[in-house]
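Novice:
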């Protein structure tokens, strides 16, 4: 049976509470690579980009309306009960931050970060468990590492609500 060595990336062992002050996310969602899980019940429809050079498409904006560490302190968790996800200018989804029952590890190829450390750019083909999937003479050159450990997710379980189309997309 083929096997691949699995390592822990140096960024997963750093203290996540020492995140920079420029990070707008609440501390529970600070991760070294900026990954977070969003659980959405449904499909997000957005226009297909015509520019092949675009590397990302703006889907919407996450808003944490109750998060204010200056007033409530860093240890306050009441902000976790309400999160808004504005999709375009006309829809708002309401959700909450939940702790995962078991932490979720994100695994990637060792030493490869892709475009700007976000893991983009190249598809990785993963072989099956049968021994015939590995190329002859290739050896164990592929190694994996745990890139991130995610402990929280943002869950949007309700249907989107229509909102007015204000200038900033938050027509409340």
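In my numbering, the protein residues as written are 11 to 182.
Virtual Cβ for every residue (Gly too), placed ideally from N, Cα, C.
Computed from a predicted model, the values in this text were never measured in an experiment.
1) Going by beta carbon distance, what residues of the same chain come within less than 6 Å of residue 50, once the five residues before and after it are set aside?
2) So is residue 105 buried or exposed if we call it buried at 16+ other beta carbons inside 10 Å?
3) Where do the N-terminal and C-terminal ends of the beta strand (DSSP E) with residue 115 fall, by residue?
4) Taking the beta strand (DSSP E) that residue 50 falls in, what are its first and last residues?
5) Per DSSP, residue 70 forms a beta bridge with which residues?
6) Exposed or buried, what is residue 170 when buried is set at 16 or more other beta-carbons lying within 10 Å of its beta-carbon?
7) Measure the alpha-carbon distance for residue 29 versus residue 158 and round it to whole angstroms.
8) Can you tell me whether residue 69 is buried or exposed, with buried defined as 16 or more other CB within 10 angstroms of its CB?
9) Starting from residue 156 and walking both ways along the beta strand (DSSP E), at which residues does that stretch end?
10) Would residue 145 be called buried (16 or more neighbouring beta carbons within 10 Å of its own) or exposed?
11) Identify the residues that DSSP records as bridge partners of residue 171: which are they?
12) For residue 18, report the span of its beta strand (DSSP E) as first-last.
13) Tell me whether residue 110 is buried or exposed, calling it buried when 16 or more other Cβ atoms sit within 10 Å of its Cβ.
14) Out of 153, 72, 160, which one is the CA nearest neighbour of residue 8?
15) Please confirm if residue 76 has its CB atom under 8 Å from at least one CB of chain C.
16) Are there three or more Cβ pairs, one per stretch, closer than 8 Å when the stretch 91–106 is compared with the stretch 114–123?
Specialist: Concretely, from the data shown:
1) Taken in chain order, the residues that qualify are 166.
2) Buried.
3) 101–119 is the extent of the beta strand (DSSP E) around residue 115.
4) Its beta strand (DSSP E) spans residues 47–50.
5) According to DSSP, which records beta bridges pairwise, residue 70 is partnered with 97.
6) So residue 170 counts as buried.
7) Confidence at residue 29 is low in this model, with a pLDDT of 45, below 50, so its placement is unreliable and no value can be given for it.
8) Label assigned to residue 69: exposed.
9) Looking at the DSSP string, the run of the beta strand (DSSP E) that includes residue 156 is 154–166.
10) Residue confidence is low: residue 145 scores 48 on pLDDT, short of 50, so the model does not pin down where it sits. No coordinate-derived value is stated.
11) In the DSSP output, where bridge partners are listed per residue, residue 171 has 102.
12) Secondary structure note for residue 18: its beta strand (DSSP E) is the uninterrupted segment 16–18.
13) Around the beta carbon of residue 110, fewer than 16 other beta carbons sit within 10 angstroms, so the residue counts as exposed.
14) Nothing about residue 8 can be reported from this structure: the residues present for the chain run from 11 to 182 only.
15) No chain C appears in the structure shown, which is made up of a single protein chain.
16) Judged by Cβ distances under 8 Å, the stretch 91–106 makes no contact with the stretch 114–123, as fewer than three pairs qualify.
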